[in-house]
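K.L.:
My structure is below; once you've seen it, I'll send some questions.
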Amino acid sequence: MRKLETKTIVVASHNAGKIREIAELIAPFGFSAKSAAELKFEEPDETGTTFEENATIKALASARASGLPALSDDSGIVIDALDGAPGVYTANWAEREDGSRDFQMAMEKVENALQEKGADTPEKRSCRFVSVLCLAWPDGHTELFRGEVEGTVAWPPRGTAGFGYDPVFQPQGYETTFGEMTSDEKHGWKPGDKHALSHRARAFKIFVETCLEA
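So the sequence shown is numbered by numbering that gives the first Met the number 0: it starts at 0 and just counts up by one.
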């Protein structure tokens with residue numbers, strides 16, 4: 000495992016919600032970070048079939064374009080009753096013909112698909128959020144960190160916090176959705192804590208333990 004020895008990195012993303020969450024997670028470690036969106040890097044084609052492959056594509060593109068280490072996230076919701084869909088195509092389900100993304104539409108697609116499957120009880124609506132972080136260096140070296148959190152698909156959507164599918168994701172053991180939680184509640188983790196709640200915070204915790212701590 001390669002340690003991250005610089006405090007300057009690129010967040011390899013154009014997703015405002017994702018950039019904000021990663022910025023919140025890295026802030027306690029004193030990172031100076033800019034996003035691929037700020038640097039006006041082109042978004043690479045995500046041609047992978049796994050979260051790991053797509054995270055690597057994004058991180059390497061930003062690392063090579065910037066000459067700095069880059070941290071990416073590829074994440075999505077995996078729904079058992081839909082045979083794992085939308086999975087790596089989570090963002091694609093939100094795409095409109097004009098190229099914009101509408102996650103209300105995406106959540107409705109998920110609900111319609113579940114209704115067609117007769118998934119009308121919490122036991123039939125099990126799912127998990129998956130996040131894979133990739134830290135890439137300009138020389139092509141990469142490190143991968145995967146986090147998952149189990150839950151159920153709630154309906155109707157609840158809460159206006161978070162982004163993406165957060166309003167319909169109810170983590171196991173909680174009465175609220177990610178969309179109803181503050182950032183601190185959703186992440187459930189800060190440096191020094193043993194546990195993390197969100198998929199991204201769990202992946203980030205492994206990243207910290209692997210690349211930042213001695």
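Glycine residues also receive a C-beta, built at the ideal position from the N, C-alpha and C atoms.
Just to confirm before moving on: does the CB-CB distance between residue 201 and residue 148 stay below 8 Å?
P.N.:
Sequence index remark: in the sequence shown, residue 201 carries index 202 (1-based). Sequence index remark: in the sequence shown, residue 148 carries index 149 (1-based). A contact, by the Cβ cut-off of 8 Å.
K.L.:
Of all the beta strand (DSSP E) runs that stay within the bounds of the region 135-212, which reach a length of 3 or more residues?
P.N.:
Counting whole runs of 3 or more residues, the region 135-212 contains the beta strand (DSSP E) stretches 141-152, 168-170.
K.L.:
Express the C-alpha separation of residue 19 and residue 55 in angstroms, rounding to a whole number.
P.N.:
Here the question's residue 55 lines up with position 56 in the sequence shown. Here the question's residue 19 lines up with position 20 in the sequence shown. If you take the alpha carbons of residue 55 and residue 19, they lie about 20 Å apart.
K.L.:
Which term fits residue 142, buried or exposed, when burial requires 16 or more other beta carbons within 10 angstroms of its beta carbon?
P.N.:
Here the question's residue 142 lines up with position 143 in the sequence shown. Classification of residue 142: buried, given that the 10 Å Cβ count is 16 or more.
K.L.:
Helix, strand or coil for residue 65? Go by DSSP, reduced to three states.
P.N.:
Residue mapping note: residue 65 aligns to position 66 of the sequence shown, counting from 1. Three-state DSSP puts residue 65 in a helix.
K.L.:
Could you pull out every unbroken beta strand (DSSP E) segment of at least 3 residues lying fully inside the region 12-91, listed in chain order?
P.N.:
Within the region 12-91, the complete beta strand (DSSP E) runs of at least 3 residues are 31-34, 69-78.
K.L.:
From the DSSP output, which residues share a beta bridge with residue 132?
P.N.:
On the sequence shown, residue 132 is found 133 positions in, with the first residue counted as 1. Note: residue 132 sits in a beta bridge opposite 72, 144.
K.L.:
Between 75, 60, 76, which has its C-alpha nearest residue 69's C-alpha?
P.N.:
Stepping through the sequence shown from its first residue, residue 69 is reached at position 70. Checked all of 75, 60, 76; the closest Cα to residue 69 is 60.
K.L.:
Residue 113 lies in the alpha helix (DSSP H); which residues open and close that run?
P.N.:
Numbered from its first residue, the sequence shown carries residue 113 at position 114. Here the alpha helix (DSSP H) through residue 113 covers 102-115.
K.L.:
Within the chosen definition, does the region 12-26 reach the region 45-55 through at least 3 CB pairs nearer than 8 Å?
P.N.:
Verdict: no, contact absent.
K.L.:
Contact between the region 155-174 and the region 131-145 is defined here as three or more beta-carbon pairs at a separation below 8 Å; is this criterion met?
P.N.:
No contact exists between the region 155-174 and the region 131-145.
K.L.:
Using the three-state DSSP reduction, which class does residue 94 fall into: helix, strand or coil?
P.N.:
Locating residue 94 in the sequence shown gives position 95, counting from the first residue. Three-state result, residue 94: strand.
K.L.:
So, at 6 Å on beta carbons, what are the nonlocal neighbours of residue 127 in its own chain, with the 5 sequence-adjacent residues on each side left out?
P.N.:
Along the sequence shown, one-based indexing puts residue 127 at 128. Within the same chain, residue 127 has close Cβ partners 77, 147, 149.
K.L.:
Roughly how many whole angstroms lie between the Cα atoms of residue 33 and residue 11?
P.N.:
On the sequence shown, residue 33 is found 34 positions in, with the first residue counted as 1. On the sequence shown, residue 11 is found 12 positions in, with the first residue counted as 1. If you take the alpha carbons of residue 33 and residue 11, they lie about 9 Å apart.
K.L.:
Measuring only from the beta carbon, is residue 7 closer than 7 Å to any heavy atom that is part of the ligand MG?
P.N.:
The model on display carries no ligand, and the ligand MG is accordingly not part of it.
K.L.:
Within a Cβ cutoff of 6 Å, which residues of the same chain sit near residue 16, ignoring the five residues on either side of it in sequence?
P.N.:
Here residue 16 refers to the residue found at position 17 of the sequence shown. Same-chain partners within the cutoff: 162.
K.L.:
My guess is that residue 156 and residue 106 are in contact by the Cβ rule of under 8 Å, so how many angstroms apart are they, rounded?
P.N.:
Position 157 of the sequence shown, counting from 1, holds the residue named residue 156. Position 107 of the sequence shown, counting from 1, holds the residue named residue 106. The pair is a contact, with the Cβ atoms about 6 Å apart (cut-off 8 Å).
K.L.:
Just curious, the beta strand (DSSP E) that residue 120 is in, first and last residue?
P.N.:
Position 121 of the sequence shown, counting from 1, holds the residue named residue 120. It is not in any beta strand (DSSP E) - residue 120 carries neither H nor E in the DSSP assignment.
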